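Residue numbers (this note's numbering): 1 to 401.
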């Protein structure tokens, strides 16, 4: 029987999309899932990519090189662009290799020249939500509530790779929740680049022009609040949580990820009162320095963030908080890093994901700010924060299944 293989990198949204592709391959193409791309009979290979760090890109390039050597017998890559003989390339035994995800913004012509095994590049979320996902997690159903992003953090590729934020209709989301419940799931995890902004994105926004010669200017960045409408009454995301909570079979609701700048008071109140919502909240801060937060275009200050943390714990002392932090962002000084360390200590995070900054093509930071923090300094700061956030707190982490 002909087979398909899917390799997924990155976030839960990518994993959820790959689960939809699995349904497509089986229902529409009558393929059987393979456990390895080298298996006999593999005719379709999907590589769902992440591009949030350079290391994520490098893992994909390594896989494409390995596939090229295995199927074509030639080395490939940036400096090795020798193409295979045409007859071999058109062989019926050669798989159809498709790349999607955040790396799909790269030039298809250049990627194919470097990696001849690559057949096609398709944009993220090309399937939409027409196919129900083949859920791999045995405990919780992951459900995407939006695609894309309007926040334009200066280091992030997502708005360029996935486009403007688009919220799914609430009825469609609730229908998928109902199908998950019918399949036996009692725990739901809602996915979005910023779930708080669900249903609030503005349409047809004209982007501001940025003068990239002004390397130290940030006043002309697209500002986060300008990209969304102000909620009137109960924010749509809170309404969605309430609708899902009303389903008796649902015992727990999680969501990821939230941006601190629009974590509405109504959402805090709902979390405090609604015990179906998980007590663990993932709330990326990225830096504890106001100067760096401004250059990152995060839309809040350290004082705003700490106030939010205190509000959440006031709503329920049992709430625990995890975070994401980038070290070594452009021009980050020892004083900036000290601000991050002090925030970590004050916020009392239960866990954190620490990343070393790497410039991403197309982003404002890549165009405007030099990557001027030495790697040795970045690595040292990473080790300090990783030890402070994680290695010293292993016994305090919540069990997340």
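Beta carbons are placed, not taken as given, at the ideal position from N, Cα and C, and that holds for glycine. From a predicted model like this one, the values you see are computed outputs, not experimental measurements.
Residue environment: residue 378 is assigned as buried (16 or more neighbouring CB atoms within 10 Å of its CB, all protein chains considered).
If you look at residue 355, you'll find it in the beta strand (DSSP E) that goes 351 to 356.
Within the segment 151 to 206, complete beta strand (DSSP E) segments of at least 3 residues are found at 187 to 191, given in chain order. Taking the CA atoms as reference points, residue 48 sits about 8 angstroms from residue 124. Distance from the CA of residue 32 to the CA of residue 290, rounded to the nearest whole angstrom, comes to 51 angstroms. Per DSSP, the unbroken beta strand (DSSP E) holding residue 254 starts and ends at 252 to 256. Scanning the segment 28 to 61 from its first residue to its last, no whole alpha helix (DSSP H) run of 4-plus residues comes out.
Residues of the same chain with a CB within less than 6 angstroms of the CB of residue 263, apart from the 5 flanking positions on each side, are 196 and 308 in chain order.
Per DSSP, the unbroken beta strand (DSSP E) holding residue 140 starts and ends at 140 to 144. Contact between residue 145 and residue 95 does not hold, since the beta-carbon distance rounds to 33 angstroms and is not under 8 angstroms.
Three or more beta-carbon pairs separated by less than 8 angstroms are not found between the segment 119 to 136 and the segment 67 to 75, which leaves the two stretches without contact. By the Cβ neighbour-count rule, residue 1 is exposed, with fewer than 16 other Cβ atoms within 10 Å of its own. With respect to the C-alpha of residue 160, the residue from 363, 194, 302 and 367 having the closest C-alpha is 363. Segment contact: the segment 332 to 340 against the segment 282 to 299, three or more CB-CB distances shorter than 8 angstroms; contact assigned. Within the segment 305 to 343, not a single complete alpha helix (DSSP H) segment reaches 4 residues in length.
Note that the segment 137 to 151 touches the segment 176 to 194; at least 3 beta-carbon pairs, one per stretch, sit closer than 8 angstroms. Selection 230, 106, 369 and 24 evaluated against residue 265 yields 230 as nearest (Cα-Cα). Assignment of residue 264 by DSSP, reduced to helix, strand and coil, places it in the coil class. Residue 279 and residue 113 have their C-alpha atoms spaced approximately 49 angstroms apart.
Within the same chain, Cβ atoms closer than 6 angstroms to the Cβ of residue 301 are found at 290, the five residues on either side in sequence being excluded. In the DSSP assignment, residue 3 falls within the beta strand (DSSP E) that extends over 3 to 8. Leaving aside the five residues that flank residue 346 on each side, the residues in its chain whose CB is nearer than 7 angstroms to its CB run, in chain order, 306. Residue 54 is positioned such that its CB atom lies no closer than 8 angstroms to that of residue 154. Just measuring C-alpha positions, the residue of 17, 298, 388 and 371 sitting nearest residue 99 is 17.
Nearest C-alpha to residue 105 among 152, 50, 322 and 129: 50. When the alpha-carbon of residue 3 is set against those of 97, 328 and 274, the nearest one is in 97.
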